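Student: Below you will find the structure I want to go over with you.
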Amino acid sequence: MTTAATEQLPRWDLTNVYSGLEADDFMAAFRQAQSELAGLEAFVQEHAVGRLDAPPDDAAPAAAILEELLGRLNALLRLYGTLEAYVYAFVTTDSYNQLAARRMSEIEQLELRLKKVRVRLEAWVGSLAPVLERVCERSPAAREHQAVLAEMADQSRYLMPPPLEDLAAELQLSGGGVMWKLQGNVTSKLKAPMERDGRTQMLPMTVIRNLATDPDEGVRRRAYEAELQAWAAAAEPVAFALNGVKGAAIALARWRGRDGVLHAALDHSRIDRPTLEALLESMRDSFPVFRRYLQAKAGRLGKARLPWWDLFAPVGRVQPTYRWEEATEYIVRQFATFDGELADFAREAFAGRWIDAEPRDGKRGGAFCMGVPGVEQSRILANFDGSFDQMVTLAHELGHGFHGRCQRGLPLLRRGSPMPLAETASIFCETIVFQAALSEAPPEARVFILENQLMGACQVVVDIYSRYLFESELVGRRAGAELSVEELCAMMLDAQRRSYGEGLDPEHLHPYMWVLKPHYYYPDLHFYNYPYAFGLLFGLGVYAIYQREGAAFVPRYKALLRGTGEGKAAELAARFGIDIRSREFWDASLAVVAGQVEQYCALED
């Protein structure tokens, strides 16, 4: 019999993008990107695009230059983004593919040069700030990009002189960029011995981590122990990578005149400190609610407190699993209750094999969605195991893809959504599937459905807070010295104890979460933790508006998604009457979760 665990799962189809990493169409596109980039570099040099001593008196010449420059840059970003996504699809599904690794290195050389062009553009736009409105009046392209240009002008004050920015970009290729690759390569190739089905097997970490949801506690505990043993063996080189990435980030923030690494992250997210503080305060004050959930779960499992290996344990007498076809049909059916366009998008993704669902050796764990701008499609990586959680993960990633679909046709410079708002559509799609599953479930299955939802919310609020605490301490201490494996593990355990509190068994936590989470290693992206909590709670708030307004909400929702690349988060939220600087909004979203905890605690197994 075919089961969720044994069926043949899809791998993504990339043939409509290029024919192969050595194929003529790929190589021709790569040469075209090189040629267009060289032309853009020459244009920037010819017209002295960069920091000016004073803004020009006449806006017309600048408008003409900007008109040409924006057109060229958007075209190049479309081509570069397609090449990068294509190569990344190979890198993330087969860490043993040496050709893919070489191609990614070649792509990164293009990225380096492109980054230098963008730095000069940003510095130039900053110099044009006093006359930018007049420039936009004379250039249709500039008018279309006015919000993007305003942000460039604002952020230009944090640029170093051009030679230093060039040096920083070049050093990143052999510094932070390599450290990020090291963490990804080491963790994706890592295997561990584990006893399963009466024999010891060497299993990849993607498989071992998926066993955290196994119904058998013995399997979960052995998987946890095997995982810790494997991470411990890999921890030392990965610790060097983490020290390298954060050390570079601290130095660059200082040289750019930033008030620390978090300052840069907030600007990148397009939120301010009052917004972050309001969010964090609400999260902290919700911990008793989540600890009550964790204690109730421990009781269902016959324990006083949960050890880490039971954090994702299924509960309830009915624990549904899904074959791939069942999961995809369910998602499409539920999406259709919200909007036909969303359902059609999901059908297109499934039928077009945009999803790589099979867990396997050499493939990265977790899930993500990436845009492929040249074909206006997405590609989704998943590690599907037939669980309800994995079905919800599919819905989440399809939400990211639909966000991209709503931005179809926009120039690439106008599609750059900040991290917090990038989670809006994904959380919304998760919520559609969860609400449907809960409403349709028989009484004996409601515990399982609520458990799954609360397990996810606990991760996004409580665990994310622990990651924020860990990274805050990491950045603070790394400024003075490198940190050892032992110090990093102690910091992680302290952050987990402060966040989970009496909700978990303090003797059985996870000291190596810093090894396995790629979010800590992105050289240009730091504090990639609070955006998830923002996304969950903002998405729940937006879903509550949908529940009040019904079908009339759908066009406004799509307009919100289309516009997330332009403007600050507070301005976009205000369109829905939401004040994200106020605790009231965040508390209201967390009250939804508190209500789910009440239901969970009241239900019998």
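Residue numbers (UniProt numbering): 1 to 605.
Note that beta-carbon positions come from the ideal geometry of N, C-alpha and C, so glycine has one too.
Everything numeric in this text was worked out from a predicted model, so none of it was measured.
Give the straight-line distance between the Cα atoms of T213 and R220, rounded to the nearest whole angstrom.
Tutor: Cα to Cα, the separation comes out at about 7 Å.
Student: Note down, in chain order, each residue of its chain lying with its Cβ closer than 6 Å to the Cβ of F368, except the 5 sequence neighbours on either side.
Tutor: Correct list, in chain order: L381.
Student: Hey, out of S269, I65, G71, C406, whose CA is closest to A533's CA?
Tutor: Minimum Cα distance to A533 is reached at S269.
Student: Looking at Y543: is its Cβ nearer than 8 Å to the Cβ of T431?
Tutor: In this structure, T431 lies closer than 8 Å to Y543 by Cβ.
Student: Note down the Cα distance separating E36 from F26, rounded to an integer number of angstroms.
Tutor: Cα to Cα, the separation comes out at about 15 Å.
Student: Given V186, which residues of its chain have a CB within under 7 Å of its CB, disregarding the five upstream and five downstream residues?
Tutor: Once the five neighbours on either side are set aside, the close Cβ partners of V186 are A234, P237, V238.
Student: What does the alpha-carbon distance come out to for the pair L203 and W324?
Tutor: Answer to the nearest angstrom: the Cα atoms are 22 Å apart.
Student: Where Q183 and A232 are concerned, what is the direct C-alpha to C-alpha distance, given to the nearest angstrom?
Tutor: If I take the Cα positions, the gap works out to 14 Å.
Student: Mind listing, in chain order, the continuous beta strand (DSSP E) runs of no fewer than 3 residues lying wholly within the segment 10-96?
Tutor: DSSP runs (the beta strand (DSSP E)) wholly in the segment 10-96: none.
Student: Could you pull the start and end residues of the beta strand (DSSP E) that K191 belongs to?
Tutor: Here the beta strand (DSSP E) through K191 covers 191-196.
Student: Which residue wins for smallest C-alpha separation from residue 606, given the options R51, E106, L561, R414?
Tutor: No information on residue 606 is available, as it lies outside the stretch 1 to 605 that the chain covers here.
Student: Give me the DSSP bridge partner(s) of Q201.
Tutor: DSSP output for Q201 lists M194 as bridge partner(s).
Student: Would you grab the beta carbon distance between residue 614 and E281 for me? Rounded to a whole angstrom, and I think it's under 8 Å.
Tutor: Beyond the ends of the chain as shown, which are 1 and 605, falls residue 614; an answer cannot be given.
Student: How is the beta strand (DSSP E) around M160 delimited, first residue to last?
Tutor: It is not in any beta strand (DSSP E) - M160 carries neither H nor E in the DSSP assignment.
Student: Less than 6 Å between C-beta atoms, sequence neighbours within five positions excluded: which residues of the same chain meet that for G371?
Tutor: Contacts found: S378, G404.
Student: Relative to the C-alpha of E329, which candidate in F338, G365, A346 has its C-alpha closest?
Tutor: The candidate whose alpha carbon is nearest that of E329 is A346.
Student: Should the segment 436-448 be called in touch with the segment 275-294, which here means at least 3 C-beta pairs below 8 Å?
Tutor: Short answer: they don't touch.
Student: Following the continuous alpha helix (DSSP H) through residue 608, name the residue where it begins and the one where it ends.
Tutor: Lying before the first or after the last residue shown, residue 608 is absent from the chain, which here runs from 1 to 605.
Student: By a C-beta neighbour count over all protein chains shown, 10 Å radius and 16 as the cutoff for buried, is R408 buried or exposed?
Tutor: The residue is exposed, with fewer than 16 neighbouring Cβ atoms inside 10 Å.
Student: According to DSSP, F538 sits in a beta bridge with which residue or residues?
Tutor: Bridge partners of F538: none, in fact.
Student: Please list, in chain order, all residues of the same chain as E566 whose beta carbon is under 7 Å from its beta carbon, the five residues on each side excluded.
Tutor: Result list for E566: A147, V148, R414, in chain order.
Student: What do you reckon, are the CB atoms on A264 and A253 nearer than 8 Å?
Tutor: Cβ atoms of A264 and A253: closer than 8 Å.
Student: Specify, as a first and last residue, the run of the alpha helix (DSSP H) that I432 falls within.
Tutor: Counting along the chain, the alpha helix (DSSP H) containing I432 begins and ends at 424-440.
Student: So A422 packs on G399, CB below 8 Å; how close in whole Å?
Tutor: Not confirmed; about 10 Å, so no contact.
Student: Tell me C489's beta-bridge partners as DSSP assigns them.
Tutor: Bridge partners of C489: none, in fact.
Student: Which value, in whole angstroms, describes the spacing of the CA atoms of G362 and A481?
Tutor: Cα-Cα distance, rounded: 33 Å.
Student: Can you tell me whether D13 is buried or exposed? The criterion is at least 16 other CB atoms within 10 Å of its CB, across all chains shown.
Tutor: Exposed, because fewer than 16 other Cβ atoms sit within 10 Å of the Cβ of D13.
Student: Might you give, ordered along the chain, the residues of its own chain that have their beta carbon closer than 7 Å to the beta carbon of D389, omitting 5 neighbours on each side?
Tutor: Taken in chain order, the residues that qualify are T213, N452.
Student: Drop a sphere of 10 angstroms on the beta-carbon of N16, count the other beta-carbons inside from all chains shown, and report buried for 16 or more, exposed for fewer.
Tutor: When all chains shown are included, N16 counts as exposed.
Student: Taking one C-beta from the segment 156-163 and one from the segment 95-111 each time, how about it: are there three or more such pairs within less than 8 Å?
Tutor: The segment 156-163, when compared against the segment 95-111, does not touch it at the 8 Å Cβ threshold.
Student: Give the straight-line distance between the Cα atoms of K189 and P443, rounded to the nearest whole angstrom.
Tutor: Cα to Cα, K189 sits roughly 42 Å from P443.
Student: Return the chain-ordered list of same chain residues with a C-beta closer than 8 Å to the C-beta of L164, the five sequence neighbours on each side being excluded.
Tutor: Excluding residues within five positions, the ones whose Cβ falls inside 8 Å are W255.
Student: Since A169 and K116 are thought to touch, with beta carbons under 8 Å apart, how far apart are those beta carbons, to the nearest angstrom?
Tutor: Indeed they touch by this definition, with Cβ atoms about 6 Å apart.
Student: In terms of residues, what are the limits of the beta strand (DSSP E) holding S378?
Tutor: S378 -> beta strand (DSSP E) spans 377-381.
Student: Please state whether DSSP places L504 in a helix, a strand or coil.
Tutor: Three-state result, L504: strand.
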